Structure formats: structure tokens, C-alpha cells
Amino acid sequence: MDKVLLNLLTGTASTGVSITKGDETLISISIETGIRQSETIFKMIKDAFSYVDLTIKDIDAVSTLKGPGSFTGLRVGLAAAKAIAFAVNVPIVLVDTMDAIFHEANYEKDVLTIMDARRDRVYLKKHYGDERADEISEVAAIEPRENTVVVGENALKYKDIFTEKGYTFIPKKDVYLTIKGLTEAALRVSEDDYVDSLESRLDYLKKDSDVVTVKKEKL
1 MDKVLLNLLT GTASTGVSIT KGDETLISIS IETGIRQSET IFKMIKDAFS
51 YVDLTIKDID AVSTLKGPGS FTGLRVGLAA AKAIAFAVNV PIVLVDTMDA
101 IFHEANYEKD VLTIMDARRD RVYLKKHYGD ERADEISEVA AIEPRENTVV
151 VGENALKYKD IFTEKGYTFI PKKDVYLTIK GLTEAALRVS EDDYVDSLES
201 RLDYLKKDSD VVTVKKEKL
């Protein structure tokens with residue numbers, strides 16, 4: 001039987017909720033909320049279920065971002081996911097922000113996802129074909145394959161540095177994460193990686209070794 005997922009996006013400029021059954025997205029809602037995500041997420045969940053022939057008790061799991069990203073914003077999503085998961089006794093699907101950005105971009109090419117970590121530092125993660133994405137700390141040492149595309153939030157800020165290494169920027173704008181990217185990434189998480197609500201943790205700040213200083217000698 002197709003599993004039903006409730007997907008919650010916080011920690012970005014938009015707040016989003018979607019409900020999927022199998023590979024089908026039944027409903028997807030997204031609004032620009034800024035810092036008021038904690039005030040809107042549960043109302044959006046209620047609104048989403050009003051559009052489908054399901055109730056909260058029908059879900060098989062809840063997904064949300066685990067990071068990296070803003071602790072305050074990510075915590076809203078995880079708190080909501082844990083409350084729902086505990087109430088209806090289902091597991092949580094923790095989605096890596098970088099994987100969600102990759103699916104948001106939706107490129108059938110080798111992709112390097114990038115996320116601004118401030119102070120001239122970035123989170124990086126590669127998605128090469130069917131290869132499992134490497135840890136962020138390993139990416140700085142790799143040479144780009146032909147037609148490797150760099151995408152992500154504030155990626156264009158570092159365009160000149162990466163193009164010197166042979167990377168391509170397509171399209172000519174940043175890719176910002178929405179509920180679409182989270183939903184697509186959540187659907188690809190193995191059930192073996194689902195976690196109990198009491199065991200779920202954020203990964204909002206990577207180790208120093210996982211954050212690459214964006215200077216020419218480093219890349």
C-alpha cells in the first residue's frame with residue numbers, strides 16, 4: 001500500500017506543507033511567512049488536510065528538514081513534526097537541506113549544491129549521477145566533471161570563484177528551497193533511515209571541517 005507522508009518546510013523564507021501518497025503529491029501549500037512560521041505551520045497543516053480525503057491519523061510518517069540552516073527556523077519544523085509523530089505514533093523523515101536544494105533545482109546533470117554559511121564560507125555537497133552524495137568536507141578537493149552545475153541559495157555570490165574551477169551556473173539566478181524540493185527529497189529517503197520522534201535531532205550547524213572557506217587557494 002502506498003505510504004502517506006506529511007511534509008513540513010520551515011527554516012527558509014517560505015513555510016510549506018504537502019501531503020503525498022506514494023509518489024503522488026495530493027496537496028502542496030506554500031506561503032511567504034518570514035519569522036512567523038511557528039504561528040502558521042499548524043494552520044497550514046489543517047488547511048492541507050481539508051483538501052484531501054485523509055486525516056492526520058492516516059499518515060505513515062512526517063518529514064522535515066534536519067539542516068544545515070537556521071536553528072530557529074529548523075526547530076519550528078522539527079517541533080511540529082515531533083508533536084504530530086508522537087501523537088499518531090509514526091516515524092520522522094529527516095531531510096538534508098542540501099539534498100532538498102538539489103531536488104528543487106531539478107537538473108539531470110552532475111550538480112554541486114551550495115548554501116551560504118556566511119563569513120565567506122559555504123556548505124557544499126555533490127550529487128553526481130547515481131553516486132551517493134559525499135560529505136561536505138570532501139567536496140572542496142574534487143575536480144568538477146564536464147558540465148557540472150552549481151545551484152543553491154546565494155550561489156551567485158560566489159560565481160566568479162567557482163567558474164574559474166570549471167563549474168557552470170544554470171540558470172542565471174539563485175535556487176531557493178520551497179516545499180517542492182523538500183517533498184521530492186523526502187520521497188527518496190529509505191524507510192530504513194526513518195527515525196523515532198524521540199530520537200530526531202537537528203544538524204543545523206556542520207563541523208568546521210564541513211564548512212569550506214571560499215577563497216581561491218581553497219578551491
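Every letter in the sequence shown is one number past the one before it in full-length UniProt numbering, and letter 123, counting from 1, is 123.
Using N, Cα and C, we set each Cβ at its ideal position, and we do this for glycine too.
None of the values given here were measured: they were computed from a predicted structure.
Beta-bridge partners of residue i, as assigned by DSSP
i	result
I19	L6 and I27
V62	L6 and I92
E153	M115
V175	The partner list for V175 (beta bridge, DSSP) is empty, contrary to what the question assumes.
G67	D96
E32	S14
K126	L112
T168	V149
R75	DSSP, once it has assigned bridges, lists no residue as partnering R75.
V189	In DSSP, V189 forms no bridge with anything.
V52	V52 is not bridged to any residue.
Close beta carbons around residue i, own chain, < 7 Å, minus the five adjacent residues each side
i	result
V52	I19, L26 and I27
D47	I29
V195	P91, I92 and L94
Q38	It should be noted that the sequence gives Ser, not Gln, for residue 38. The answer, listed in chain order, is V76.
E104	V175, L177, T178, K180 and G181
Candidates the options: closest to residue i by CA position
i	options	result
T64	V95, D99, D2 and E108	V95
G166	V111, I56, R121 and G181	V111
L9	E32, A117, V189 and S190	E32
F162	L5, T113 and M1	T113
R118	N7, D58, L6 and P68	P68
V175	T12, L6, S200 and T40	T12
L187	K21, M1, T15 and S14	K21
A81	L6, K173, E164 and E184	L6
M1	D58, K125, L156 and N106	D58
E191	E24, T55 and V62	V62
I84	F169, I56 and S14	I56
Contacts around residue i, its chain only, beta-carbon distance under 8 Å, and the 5 residues preceding and following it disregarded
i	result
K109	N147, T148 and V149
A173	It is Lys, not Ala, that sits at residue 173 in the sequence shown. Cβ neighbours of K173 beyond the five flanking positions: L156.
Proximal residues to residue i (C-beta, below 6 Å), its chain only, five neighbours per side dropped
i	result
residue 222	What is shown of the chain runs 1 to 219, which leaves residue 222 out entirely.
F86	S197
I45	V17
K3	D60
F102	V111, T113 and H127
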